[in-house]
Amino acid sequence: MVSKGLLRLISSVNRRRMKLLLGIALLAYAASVWGNFVNMRSIQENGELKFESKIEEIVEPLREKIRDLEKSFTQKYPPVKFLSEKDRKRILITGGAGFVGSHLTDKLMMDGHEVTVVDNFFTGRKRNVEHWIGHENFELINHDVVEPLYIEVDQIYHLASPASPPNYMYNPIKTLKTNTIGTLNMLGLAKRVGARLLLASTSEVYGDPEVHPQSEDYWGHVNPIGPRACYDEGKRVAETMCYAYMKQEGVEVRVARIFNTFGPRMHMNDGRVVSNFILQALQGEPLTVYGSGSQTRAFQYVSDLVNGLVALMNSNVSSPVNLGNPEEHTILEFAQLIKNLVGSGSEIQFLSEAQDDPQKRKPDIKKAKLMLGWEPVVPLEEGLNKAIHYFRKELEYQANNQYIPKPKPARVKKGRTRHS
Ligand SMILES: NC(=O)c1ccc[n+]([C@@H]2O[C@H](COP(=O)([O-])OP(=O)(O)OC[C@H]3O[C@@H](n4cnc5c(N)ncnc54)[C@H](O)[C@@H]3O)[C@@H](O)[C@H]2O)c1
């Protein structure tokens with residue numbers, strides 16, 4: 037009995053001790069875990085500090101680079117005149133990222149105006165106006181003129197429309213919509229905000245002309261259902277709309293009938309004679325002349341056109357005005373001149389004559405001379421040299437980007453090819 041009681045006493049004492057020991061061990065373990073944790077945090081914090089200072093070392097020179105770039109960006113724009121509030125106009129250029137529109141943008145920006153370019157980039161490119169992006173007087177809007185546009189402007193140069201045969205024949209319905217609905221939208225905008233609108237019309241409103249040279253009072257000779265009608269008739273109805281808005285709503289309109297124009301930023305492979313010859317000469321391919329090459333063409337340099345557009349916009353002439361260069365050259369002369377200017381070894385290749393190829397195309401610019409005091413001043417060779425320089429650079433650029441444009445064959449009409 038005694039020994040049993042003794043045993044129970046001992047074991048209960050041991051159990052208490054055991055519990056005590058276990059408790060101490062647990063506390064010690066918790067303390068050691070906490071210690072490790074605190075230790076690790078301080079190592080981590082130390083590491084983070086070191087890491088941050090390393091990043092700072094890398095980032096600081098980058099920050100400096102950005103500051104330098106920002107400084108150089110503020111100086112990147114071409115020089116812009118300062119115009120007082122009353123002389124500075126808010127100008128909208130539809131199709132302003134295209135060939136003519138981008139040169140017009142340059143002129144109006146450099147003259148000190150506020151320019152908004154609206155373009156859907158069908159044939160235009162951001163590259164044509166990228167040198168203005170970020171300038172406080174410049175805005176670029178990706179917009180299709182077939183949709184209405186609501187902005188405040190004083191003048192509208194309405195250029196939006198594909199201009200070369202492959203481009204306007206690519207989607208004839210869209211070409212029609214752009215020239216009709218697009219023009220209605222821009223005239224509606226002009227009416228709403230009291231702006232003056234200049235329409236970039238074309239010599240194509242004269243169609244296949246029966247009179248030479250063509251003056252503004254010639255009504256034209258257009259096939260309303262031919263493959264080019266989407267453009268020719270589109271522009272004719274656009275002119276009609278301008279005069280309807282002028283008569284009915286009092287909108288101030290200006291209509292420029294533009295003849296063939298060339299220069300930097302023109303489309304390289306649009307199948308027109310100047311671009312074809314330059315591309316062929318630069319790429320060492322034969323310059324293709326249709327027929328004997330005795331048919332004549334007249335081309336104006338783009339800066340002459342731009343000066344004419346601005347003079348017309350700011351004139352009080354509301355009836356249509358031809359803008360073109362009346363200096364005629366035979367196609368063969370063009371081919372030889374371009375070949376010589378490029379310094380190309382290409383030969384001239386004669387292909388069969390196209391029956392409906394107009395023998396002459398030449399603007400009568402008496403009205404522009406008399407009423408605007410305007411006439412083209414850039415000599416053909418000078419203009420061609422600038423265009424050749426541009427094409428050469430573009431070919432290099434495109435070769436680096438794996439794209440080599442090919443000259444297009446002259447356009448096809450009634451199953452036959454012909455020069456534009
Ligand atoms: N270049 C010439 O020899 C010539 C001759 C006669 C008339 N024109 C007229 O001058 C204007 C400009 O011609 P270009 O040679 O600069 O042609 P382009 O193709 O280089 O420029 C036309 C511009 O309009 C834009 N555009 C087309 N459809 C549009 C739409 N629905 N909404 C918004 N933007 C649209 C295109 O993206 C492009 O930027 C055109 O109206 C053309 O009919 C040009």
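Under our numbering, the first residue of the sequence shown is numbered 37, with each subsequent residue one higher. For each residue, glycine too, the CB sits at the ideal point set by N, CA and C.
Own chain residues within Cβ distance below 6 Å of residue i, not counting five before or after
i, result
"G360", "F295, Q336, P399"
"F298", "V310, F335, A423"
"R470", "With the chain covering 37 to 456 only, the question about residue 470 has no answer from this structure."
"E175", "T152"
"R232", "Q191, E288"
Bridge partner(s) assigned by DSSP for residue i
i, result
"N358", "R293"
"D155", "N178"
"P399", "Q250"
"H365", "R333"
"T130", "V154, H194"
"L323", "I384"
Neighbourhood of residue i by C-beta, 8 Å cutoff - its chain only, sequence neighbours within 5 removed
i, result
"G409", "A347"
"I46", "In this predicted model, I46 has a pLDDT of only 47, less than 50, meaning its place in the structure is not dependable; the value taken from the coordinates is given anyway. Here the set comprises nothing."
"S39", "With a pLDDT of 48 at S39, under the threshold of 50, the modelled position of this residue cannot be trusted, and the question is left open."
"E389", "Y326, G327, S328"
"A371", "F313, L323, V325, G329, I384"
"M407", "S351, V353, V357"
"L220", "M277"
"P245", "Y254, G256, H257, P394, R397"
"A236", "G131, V136, Y193, H194, L195, S197, A292, I294, L345"
Three-state class that DSSP yields for residue i in the structure shown
i, result
"Q336", "strand"
"P260", "coil"
"Q250", "strand"
"S328", "coil"
"A236", "strand"
"L98", "helix"
"L140", "helix"
"F298", "strand"
"F370", "helix"
"I424", "helix"
"I91", "helix"
"I169", "coil"
"L119", "coil"
"G243", "strand"
"Q385", "strand"
"E275", "helix"
"N436", "helix"
"D268", "helix"
"D306", "coil"
"S351", "coil"
"D104", "helix"
"E288", "coil"
"A226", "helix"
"G83", "helix"
"E417", "helix"
"R163", "helix"
"K112", "coil"
"P344", "The displayed chain sequence assigns Gly, not Pro, to residue 344. DSSP places G344 in helix when its eight states are reduced to three."
"E430", "helix"
"A231", "coil"
"K375", "helix"
"K405", "helix"
"K125", "coil"
Proximal residues to residue i (C-beta, below 7 Å), its chain only, five neighbours per side dropped
i, result
"I367", "V309, V325, G329, Q331, R333, H455"
"M304", "S311, L315, F427, E430, P441"
"S382", "Q316, A317, G320, E321, P322, L323, K375"
"M146", "P114, P115, V116, K117"
"T159", "G134, P198, N203, H303"
"R161", "A133"
"V414", "Y337, S339, D340"
"P300", "K422, A423, Y426"
Fill in: Continuous beta strand (DSSP E) assignments of at least 3 residues falling wholly in the region 181-224
The qualifying runs are 191-194.
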